[in-house]
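Asker: Below is the structure I would like to discuss, written out as structure tokens.
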Amino acid sequence: MITVAVIGGGAAGMMASLEAASCGAAVSVFERQSRVGRKLAVTGNGRCNLTNMNASPAAYHGTERGFAAGALGEYGPEETLEFFRTLGLVTAAEPSGRVYPLSDTAGSVVDVLRFAMEAAGVKLVADCEVRGLEKSRRGFRVVCPDSAWEADRVIVACGGMAGERFGGTKLGYRLLEDLGHHCTPLRWSLVQLRSDHPGCPSLKGIRADAGVSVLCRGRVLAEASGEVQFTDYGLSGPAIFEISRAALAQGDTVVSLDLLRSVSEEELTAMLLRRASGTPQLTMGDAFLGTVQNRVGRVLISAAGLKPSESIGKLDEKTARRLAKLAKHFEFPVTGDMGPANAQVTVGGIRTSEFDPATLESRLCPGLYACGEVLDIDGDCGGYNLQWAWSSGRLAGRSAAEV
Ligand SMILES: Cc1cc2nc3c(=O)[nH]c(=O)nc-3n(C[C@H](O)[C@H](O)[C@H](O)COP(=O)(O)OP(=O)(O)OC[C@H]3O[C@@H](n4cnc5c(N)ncnc54)[C@H](O)[C@@H]3O)c2cc1C
Numbered sequence: 012m013i014t015v016a017v018i019g020g021g022a023a024g025m026m027a028s029l030e031a032a033s034c035g036a037a038v039s040v041f042e043r044q045s046r047v048g049r050k051l052a053v054t055g056n057g058r059c060n061l062t063n064m065n066a067s068p069a070a071y072h073g074t075e076r077g078f079a080a081g082a083l084g085e086y087g088p089e090e091t092l093e094f095f096r097t098l099g100l101v102t103a104a105e106p107s108g109r110v111y112p113l114s115d116t117a118g119s120v121v122d123v124l125r126f127a128m129e130a131a132g133v134k135l136v137a138d139c140e141v142r143g144l145e146k147s148r149r150g151f152r153v154v155c156p157d158s159a160w161e162a163d164r165v166i167v168a169c170g171g172m173a174g175e176r177f178g179g180t181k182l183g184y185r186l187l188e189d190l191g192h193h194c195t196p197l198r199w200s201l202v203q204l205r206s207d208h209p210g211c212p213s214l215k216g217i218r219a220d221a222g223v224s225v226l227c228r229g230r231v232l233a234e235a236s237g238e239v240q241f242t243d244y245g246l247s248g249p250a251i252f253e254i255s256r257a258a259l260a261q262g263d264t265v266v267s268l269d270l271l272r273s274v275s276e277e278e279l280t281a282m283l284l285r286r287a288s289g290t291p292q293l294t295m296g297d298a299f300l301g302t303v304q305n306r307v308g309r310v311l312i313s314a315a316g317l318k319p320s321e322s323i324g325k326l327d328e329k330t331a332r333r334l335a336k337l338a339k340h341f342e343f344p345v346t347g348d349m350g351p352a353n354a355q356v357t358v359g360g361i362r363t364s365e366f367d368p369a370t371l372e373s374r375l376c377p378g379l380y381a382c383g384e385v386l387d388i389d390g391d392c393g394g395y396n397l398q399w400a401w402s403s404g405r406l407a408g409r410s411a412a413e414v
């Protein structure tokens with residue numbers, strides 16, 4: 012019987028272990044944390060956006076474009092959801108294609124995988140950080156602080172460096188580099204953006220549904236729409252994660268928010284003027300009543316250089332146009348991001364050209380496999396990264412167990 016050691020009990024490692032076990036291998040999973048799926052348990056704001064029905068190679072990035080196509084083509088969202096259904100997980104897809112467990116709880120996804128691993132006889136070695144992988148006569152020696160284990164084949168599923176708070180680490184890159192592999196420069200993406208806009212502190216805690224554009228000297232680099240969260244340091248929320256890659260790819264970028272997507276600038280101007288003439292007893296601070304959140308309205312008024320306490324009766328057409336333009340193009344200069352500890356995904360990783368896309372076996376070290384975020388593949392925001400973990404984990408698990 013072939014023995015397979017899976018290094019890392021995250022999304023990709025759990026999937027790889029289940030697949031290898033179902034193909035008849037004796038599988039051990041080594042996890043440095045006390046339990047498996049720690050990062051998985053916090054994904055999607057605790058809801059776990061486990062895949063996206065639109066997942067295709069176009070949603071993935073890496074030096075070698077198209078590398079992800081093999082694993083995804085064989086095992087895409089539909090196959091993944093079918094697999095989870097057999098484990099007893101019921102899911103629901105949103106109109107955007109994002110899929111969540113019906114329980115809306117990421118813990119449900121971790122639990123069904125954990126119990127399936129137990130049922131399949133996968134041995135879990137928890138609280139065990141693998142410090143080295145050495146080639147041995149049998150295959151590999153898995154070196155831990157207080158012990159060493161032998162395995163015919165090894166799957167490295169250690170994840171990337173993003174999300175340090177939930178177990179993100181560079182250890183996987185080192186294990187693979189020690190066996191001759193190379194790592195591309197590492198960055199991170201799907202992250203909150205910092206801005207020095209003076210309105211940020213007073214907007215803290217507000218959520219808005221907005222159109223989001225990234226601009227660089229007037230040129231649109233990326234667009235998204237959805238929830239934006241204002242924070243004291245800048246901007247967060249799914250729509251911001253989605254454009255963070257473009258916002259950070261070059262300097263001098265600005266995030267422009269359209270806070271009233273369903274109202275044109277002309278219409279908004281007319282609404283503001285109607286308010287000014289119809290209810291002149293109100294103040295400028297009330298100008299946006301009924302359109303955007305009150306605190307947002309007051310920040311827009313200040314940004315236009317107006318006093319919130321002034322009478323709205325003074326509002327002339329030129330100023331109304333300026334205010335409407337501000338609400339439709341509320342601009343935040345990007346000054347940085349919240350760093351790898353808070354990012355959802357690593358950009359870069361172990362060079363994919365050193366692996367066979369059809370099996371995920373190393374071209375440099377036969378019997379060695381890698382899957383998930385440790386490889387130089389990252390997906391867009393919306394369930395794509397977990398889909399890569401499932402697809403690549405399954406392929407690596409199956410290939411490693413092959414006699
Ligand atoms: C806050 C947050 C929210 C996210 N939300 C989503 C989402 O909703 N949808 C989505 O698609 N993606 C999301 N992601 C991204 C997604 O979670 C990752 O891309 C995915 O988990 C990667 O899977 P992986 O198995 O490769 O790595 P991980 O899930 O990180 O698992 C790697 C495991 O290996 C262990 N390990 C590492 N080194 C060693 C070692 N030397 N010895 C033993 N064990 C080791 C780690 O402890 C960890 O448990 C989110 C990420 C974060 C941080």
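In the numbering used here, the protein residues as written are 12 to 414. Yeah, the Cβ is synthetic: ideal placement off N, Cα and C, and Gly gets one too.
(1) Given a cut-off of 9 Å on the beta-carbon distance, is the pair G9 and E384 in contact?
(2) Measure from the alpha carbon of A411 to the alpha carbon of each residue in S39, G21, A22, then state which is nearest.
(3) Out of A369, A352, G393, R96, point me to the one whose CA is closest to G171's CA.
(4) Going by DSSP, what residue range makes up the beta strand (DSSP E) through F151?
(5) What residue range is occupied by the uninterrupted beta strand (DSSP E) comprising V425?
(6) Is it buried or exposed, N60, if we count other Cβ atoms within 10 angstroms and call 16 or more buried?
(7) Assuming F95 and V133 make a contact with CB atoms under 8 Å, what is their CB distance in whole Å?
(8) Could you check the C-alpha separation between G99 and A127 for me, to the nearest Å?
(9) On a Cα-Cα basis, can you pick out the residue from V153, E342, L386, S288 that is closest to L246?
(10) I'd like the list of long-range same chain contacts for M349, defined as Cβ closer than 6 Å, with 5 residues on each side in sequence excluded.
(11) Could you name the residues of the same chain whose beta carbon sits closer than 7 Å to that of T195, not counting the 5 residues immediately before and after it, in chain order?
(12) Taking the alpha carbon of L397 as the reference point, which residue from L182, A82, M12, A16 has its own alpha carbon closest?
(13) Identify every run of the beta strand (DSSP E) within the segment 15 to 50, keeping only runs that are complete inside it and at least 3 residues long; order them along the chain.
(14) Can you find the residues in the same chain that come closer than 6 Å, C-beta to C-beta, to V101, ignoring five residues on each side of it along the sequence?
(15) Out of S403, C155, G21, point me to the one whose CA is closest to K50's CA.
(16) Would you report the Cα separation of D327 and A315, rounded to the nearest angstrom?
(17) If I measure Cβ to Cβ from T294 and keep anything under 8 Å in the same chain, skipping five residues before and after, which residues do I get?
(18) By Cβ distance below 6 Å, which residues in the same chain neighbour F41 in space, the five residues on each side in sequence not counted?
(19) From the DSSP output, in three-state form, read off F341 for me.
(20) Report the start-end ranges of each beta strand (DSSP E) in the segment 99 to 152 that is 3 residues or longer and not cut off at the edges.
(21) Who are the Cβ neighbours of G210 in its own chain at under 6 Å, not counting the five residues just before and after it?
(22) For N396, verify whether its CB is less than 8 Å away from any heavy atom of ligand 1.
(23) Is M12 buried or exposed, if buried means 16 or more other CB atoms sit within 10 Å of its CB?
(24) Assuming V223 contacts V266 (C-beta within less than 8 Å), just tell me the rounded distance between them.
(25) Check the DSSP bridge columns for I5 and list the partner residues they point to.
(26) Compare the Cα-Cα distances from L182 to each of G143, T116, V47 and report the closest residue.
(27) For E277, write down the residues that DSSP places opposite it in a beta bridge.
(28) With H, G and I counted as helix, E and B as strand and the rest as coil, what does DSSP make of R58?
(29) Expressed to the nearest angstrom, what Euclidean distance is found between the alpha-carbon atoms of A16 and A117?
(30) If you compare alpha carbons, which of A31, A37, E175, T330 is closest to A281?
(31) Starting from A66 and walking both ways along the alpha helix (DSSP H), at which residues does that stretch end?
(32) Taking just the CA atoms, how far does Y380 sit from P68?
(33) Quick check: is any heavy atom of ligand 1 less than 8 Å from the C-beta of E90?
(34) In chain order, what residues of the same chain have a beta carbon less than 8 Å from the beta carbon of K336, not counting five sequence neighbours either side?
(35) Three or more C-beta pairs closer than 8 Å, one from the segment 160 to 175 and one from the segment 144 to 151: is that the case here?
(36) Compare the C-beta of G99 against all C-beta atoms of chain B and say whether one is closer than 9 Å.
Answerer: Checking against the coordinates, here is how it stands:
(1) Absent from the model: residue 9. The displayed extent of the chain is 12 to 414, so no value can be given.
(2) S39
(3) A352
(4) 151 to 154
(5) As displayed, the chain neither begins before 12 nor continues past 414, which places residue 425 out of reach and without an answer.
(6) buried
(7) Not confirmed; about 17 Å, so no contact.
(8) 10 Å
(9) E342
(10) V202, Q203
(11) T74, G359, G360, R362, D387
(12) A82
(13) 37 to 41
(14) L113
(15) G21
(16) 13 Å
(17) P319, S320, E321, S322, I323
(18) I18, V136, C139, V141
(19) strand
(20) 102 to 104, 109 to 112, 134 to 136, 143 to 146
(21) V310
(22) yes
(23) exposed
(24) 6 Å
(25) Not covered by the structure: residue 5. The range shown for the chain is 12 to 414.
(26) G143
(27) DSSP output for E277 lists no bridge partner at all.
(28) coil
(29) 26 Å
(30) T330
(31) Counting along the chain, A66 falls outside any alpha helix (DSSP H), and DSSP gives it neither H nor E.
(32) 21 Å
(33) no
(34) E276
(35) yes
(36) Looking for chain B here will not work: only one protein chain is present.
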